[in-house]
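In this note's numbering, the protein residues as written are 236 to 519.
A virtual CB, placed ideally from N, CA and C, is assigned to each residue, including glycine.
Have a look at this one:
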């Protein structure tokens with residue numbers, strides 16, 4: 236029998252390790268290391284997500300990560316360990332998740348390259364619509380038998396605010412980032428320390444390094460990374476600093492080199508030398 240237990244912060248390391256296996260199985264272009272995955276999982280659990288272990292005979296065989304604020308609920312991650320899949324635990328675990336959550340409908344996103352995943356969800360009863368699948372259970376009136384049906388849902392544009400303590404807090408009427416229609420729109424980051432809110436000491440290289448670390452924190456909080464950045468806009472108070480800025484900037488874009496604009500401006504907030512904003516895809 237499969238049991239379902241809710242996870243806590245003490246389970247983050249194990250969840251991150253299984254998430255790493257899930258990314259490998261999905262063949263996703265996600266270069267996050269285990270530390271970054273732990274930080275992302277911590278942000279998930281400290282916000283609107285809940286994680287659940289699937290347990291058979293006191294042995295953890297997988298997990299699920301759900302956004303509990305959306306209607307219908309959103310299943311972001313679902314994983315059964317490789318050695319357990321031949322025992323057909325996947326479908327049973329999914330049904331147990333629906334039962335324990337007491338929900339009748341749930342949505343997922345599946346990477347197009349994840350052919351095995353698509354086949355698994357289609358066999359359960361999901362159908363694809365705009366790369367999103369939906370599943371609905373309807374009980375027939377006056378009968379004890381549950382009828383299972385599938386629905387195709389139209390995705391309505393939604394916006395989500397991203398906020399993390401790992402990046403400097405907003406110092407004006409704006410958000411650190413906004414997710415809309417599968418894209419992350421991040422506000423410009425300047426070289427402020429997240430811990431103190433002060434401008435970091437040093438020249439253009441030190442300031443650029445802090446800017447990129449702040450961007451990394453926002454990307455991680457949103458569930459994405461530098462490999463998913465599609466556009467960057469960079470502001471420098473002097474083009475004399477361009478070469479030194481570019482040297483640090485390039486270290487963060489090894490797998491993917493996004494489109495970019497770089498402009499000289501007369502001044503930036505707090506008297507800093509550099510500011511960078513990005514637009515990124517959301518990882519699976």
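Is residue i helix, strand or coil when you go by DSSP?
i	result
residue 360	coil
residue 472	coil
residue 394	strand
residue 321	coil
residue 313	strand
residue 437	coil
residue 424	strand
residue 453	helix
residue 488	coil
residue 501	coil
residue 340	strand
Once the 5 residues before and after residue i are set aside, which same chain residues still bring their CB inside 6 Å of it?
i	result
residue 398	411
residue 377	Only weak support is given to the placement of residue 377: the predicted model assigns it a pLDDT of 37, under 50, and the question is left unresolved by the model.
residue 496	468
For residue i, which residues of its own chain have a beta-carbon under 7 Å away from its beta-carbon, when the five flanking residues on both sides are left out?
i	result
residue 248	273
Would residue i pass as an interface residue toward chain B - the criterion being a Cβ-Cβ separation below 9 Å?
i	result
residue 298	Here there is only one protein chain, and chain B is not present.
Quick check: what's the CA-CA separation for residue i versus residue j?
i	j	result
residue 430	residue 308	34 Å
residue 328	residue 289	7 Å
residue 345	residue 284	18 Å
residue 407	residue 419	19 Å
residue 242	residue 295	11 Å
residue 440	residue 269	27 Å
residue 246	residue 253	11 Å
residue 300	residue 321	22 Å
residue 259	residue 507	40 Å
With distances taken Cα to Cα, identify the nearest neighbour of residue i among the options.
i	options	result
residue 361	347, 280, 343, 425	343
residue 298	505, 305, 324, 304	324
residue 257	304, 313, 280	313
residue 319	452, 292, 282, 338	292
residue 355	315, 487, 242, 475	315
residue 395	417, 335, 450	417
residue 209	453, 460, 302	With the chain covering 236 to 519 only, the question about residue 209 has no answer from this structure.
residue 215	476, 517, 485, 489	Past the edges of the chain, shown from 236 to 519, lies residue 215, and the structure says nothing about it.
For a quick check, are the C-beta atoms of residue i and residue j less than 9 Å apart?
i	j	result
residue 435	residue 442	yes
residue 509	residue 472	yes
residue 240	residue 462	no
residue 479	residue 437	no
residue 513	residue 464	yes
residue 311	residue 287	no
residue 261	residue 349	yes
residue 453	residue 511	no
So, at 8 Å on beta carbons, what are the nonlocal neighbours of residue i in its own chain, with the 5 sequence-adjacent residues on each side left out?
i	result
residue 502	472
residue 433	427
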